[in-house]
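Peer 1:
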Amino acid sequence: MAVKTQQYYVPAQSPWPIVGAIGLFLLASGAGMWAAGIAGITGPLVFTAGTLVMTFMLFGWFGNVIDESHSGLYSEQMDRSFRQGMSWFIFSEVMFFGAFFGALFYARVLSVPWLGGAGNNAMTNEVLWPDFNASWPLLLTPGGMETTAMGWFGLPLINTVILLTSSVTAHLAHLALLQEQRARLKQWLGGTVLLGVLFLALQAWEYVHAYQDLGLRLDSGIYGNTFFLLTGFHGAHVTLGTLMLLIMWLRVNKGHFTPAQHFGFQASSWYWHFVDVVWLCLFVFVYIL
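Quick note on our numbering: the sequence shown kicks off at 11 and runs consecutively.
1) So, using beta-carbon positions, are residue 286 and residue 174 closer together than 9 Å?
2) Residue 268 by DSSP, collapsed to three states: which one?
3) Just mark residue 311 as buried or exposed, buried being the case when its beta carbon has 16 or more other beta carbons within 10 Å.
4) What are the start and end residues of each continuous alpha helix (DSSP H) run of 4 or more residues lying completely inside the stretch 145-221, in chain order?
5) In whole angstroms, give me the CA-to-CA distance for residue 280 and residue 187.
6) For residue 118, count the other beta carbons within 10 Å of its own beta carbon; 16 or more makes it buried, fewer makes it exposed. Which is it?
7) In whole angstroms, what separates the C-alpha of residue 176 from that of residue 205?
8) Report the option in 112, 155, 127, 33 whose CA atom is closest to the CA atom of residue 227.
9) Is it true that the stretch 189-196 meets the stretch 232-248, where meeting means three or more beta-carbon pairs spaced less than 8 Å apart?
10) Can you find at least 3 beta carbon pairs, one from the stretch 32-41 and one from the stretch 51-65, that sit closer than 8 Å?
11) Under DSSP, the alpha helix (DSSP H) around residue 139 begins and ends at which residues?
12) Is residue 283 near residue 180, with beta carbons less than 9 Å apart?
13) Using only alpha-carbon positions, find the residue among 95, 106, 260 that is nearest to residue 277.
14) Helix, strand or coil: which one does DSSP assign to residue 11?
15) Using CA atoms only, rank isn't needed, just tell me which of 79, 299, 202, 257 is closest to residue 19.
16) Flag this pair as yes or no: are the beta carbons of residue 202 and residue 255 separated by less than 9 Å?
17) Closer than 6 Å by C-beta to residue 49: which residues in its own chain qualify, once you throw out the five before and the five after it? Chain order, please.
18) Is there a Cβ of chain C sitting closer than 9 Å to that of residue 88, yes or no?
19) If you draw a straight line from the C-alpha of residue 161 to the C-alpha of residue 244, how long is it?
20) Within the continuous alpha helix (DSSP H) that includes residue 315, where are the two ends?
21) So what does DSSP say about residue 1, is it helix, strand or coil?
22) Give a yes or no on whether the C-beta atoms belonging to residue 139 and residue 233 are separated by under 9 Å.
23) State buried or exposed for residue 268, treating a residue as buried only when at least 16 other CB atoms are found within 10 Å of its CB.
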């Protein structure tokens with residue numbers, strides 16, 4: 011009896027990797043010049059050029075992938091490759107945030123107590139910072155910089171409710187897709203996108219409040235630094251997740267995806283749930299504890 015074998019699709023040579031490399035180079039170079047304040051407006055211009063090149067690359071590359079999928083070129087093996095790739099990508103993101111949470115815990119559990127004279131550092135504290143109060147959040151640094159802590163009640167709590175709700179709507183959209191209820195799929199997925207946009211708008215408002223009213227800045231000692239790094243990078247990931255879901259919504263409106271073939275949607279949903287879990291950790295360890 012003949013054994014049926016699957017053909018693994020090997021795409022033709024593509025210009026998109028080199029285009030993406032050029033875009034990333036322009037982004038990194040422009041961001042570096044912009045942040046360093048050198049070369050005048052060259053930094054912002056190079057950064058903008060990199061953004062445009064990356065946008066062009068993403069539309070072109072993912073457009074090719076969508077066309078290949080709709081042409082029936084992908085096998086089950088290819089689908090497994092996509093799933094493994096997305097799984098490893100999310101794992102790398104877990105490690106990324108793990109590093110920043112590690113820095114936060116190191117500062118809270120080790121560095122700040124050491125500055126306060128814990129362990130064998132009593133002499134150092136007495137000589138260098140005798141009035142230093144080793145508590146978290148660190149509102150008064152050894153150098154004399156003062157700030158105010160961001161409480162968990164108010165905007166952070168509202169944003170937590172928003173993200174938790176968006177995780178539910180994303181799941182309901184997935185169920186609607188599996189049940190071939192296109193109208194409900196569009197509604198729940200569109201609602202998820204709107205909740206993501208609302209979260210970002212409220213986070214921007216929170217940052218304005220932190221800078222103007224609390225004196226909480228990126229350079230406000232280790233507390234301000236870890237606060238903005240963790241919440242800022244998370245906000246960047248929410249932005250990416252919202253864009254992914256928006257693209258999925260546009261594809262749904264074009265009739266893409268079936269209950270049996272919808273990994274693009276599923277990968278975006280995985281990423282969104284990951285972003286929600288990270289925010290819960292942020293809410294507990296950055297805002298509450």
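Note that the Cβ used here is the ideal one computed from N, Cα and C, for glycine as well.
Peer 2: Reading it off the structure:
1) Here residue 286 is taken as the residue at index 276 of the sequence shown, counted from 1. Here residue 174 is taken as the residue at index 164 of the sequence shown, counted from 1. A distance below 9 Å separates the beta carbons of residue 286 and residue 174.
2) For the purposes of this step, residue 268 is identified with residue 258 of the sequence shown, where counting begins at 1. DSSP places residue 268 in strand when its eight states are reduced to three.
3) This structure leaves residue 311 out entirely; the chain is present only between 11 and 299.
4) Note on the stretch 145-221: whole alpha helix (DSSP H) runs with a minimum of 4 residues are 165-188, 192-219, in chain order.
5) Locating residue 280 in the sequence shown gives position 270, counting from the first residue. Locating residue 187 in the sequence shown gives position 177, counting from the first residue. Annotation: residue 280 to residue 187 spans about 15 Å, alpha carbon to alpha carbon.
6) Translated into the one-based positions of the sequence shown, residue 118 becomes position 108. Residue 118 should be labelled buried.
7) Numbered from its first residue, the sequence shown carries residue 176 at position 166. Numbered from its first residue, the sequence shown carries residue 205 at position 195. Cα to Cα, the separation comes out at about 6 Å.
8) Sequence index remark: in the sequence shown, residue 227 carries index 217 (1-based). Measuring from the Cα of residue 227, the nearest candidate turns out to be 155.
9) no
10) yes
11) Within the sequence shown, numbered from 1, the residue matching residue 139 stands at position 129. That residue, residue 139, is in no alpha helix (DSSP H); it is neither H nor E in DSSP.
12) As a first step, residue 283 is located in the sequence shown; it is residue number 273 there, counting from the start. As a first step, residue 180 is located in the sequence shown; it is residue number 170 there, counting from the start. Yes.
13) Position 267 of the sequence shown, counted from the start, is the residue given in the question as residue 277. Of 95, 106, 260, the residue nearest in Cα terms is 95.
14) Counting from 1 along the sequence shown, the entry for residue 11 is found at position 1. Residue confidence for residue 11 is low, a pLDDT of 45 falling below 50, so the modelled location carries little weight; the figure read from the coordinates is stated next. Residue 11 falls in the coil class under three-state DSSP.
15) Translated into positions along the sequence shown, residue 19 becomes position 9. When each option's Cα is compared against that of residue 19, the closest is 79.
16) In the sequence shown, residue 202 corresponds to position 192, counting from 1. In the sequence shown, residue 255 corresponds to position 245, counting from 1. The answer is yes: Cβ separation under 9 Å.
17) For the purposes of this step, residue 49 is taken as the residue at position 39 of the sequence shown. Answer for residue 49: 43, listed in chain order.
18) The chain inventory of the structure shown lacks chain C, comprising one protein chain alone.
19) In the sequence shown, the residue the question calls residue 161 occupies position 151. In the sequence shown, the residue the question calls residue 244 occupies position 234. Roughly 18 Å separates the two Cα atoms.
20) The displayed coordinates of the chain run from 11 to 299. Any statement about residue 315 would go beyond what the structure contains.
21) Any answer about residue 1 is impossible in this case: the structure gives the chain only from 11 up to 299.
22) Counting from 1 along the sequence shown, the entry for residue 139 is found at position 129. Counting from 1 along the sequence shown, the entry for residue 233 is found at position 223. No, they are not a contact pair.
23) Start at 1 with the first residue of the sequence shown, and residue 268 comes out as number 258. Exposed, because fewer than 16 other Cβ atoms sit within 10 Å of the Cβ of residue 268.
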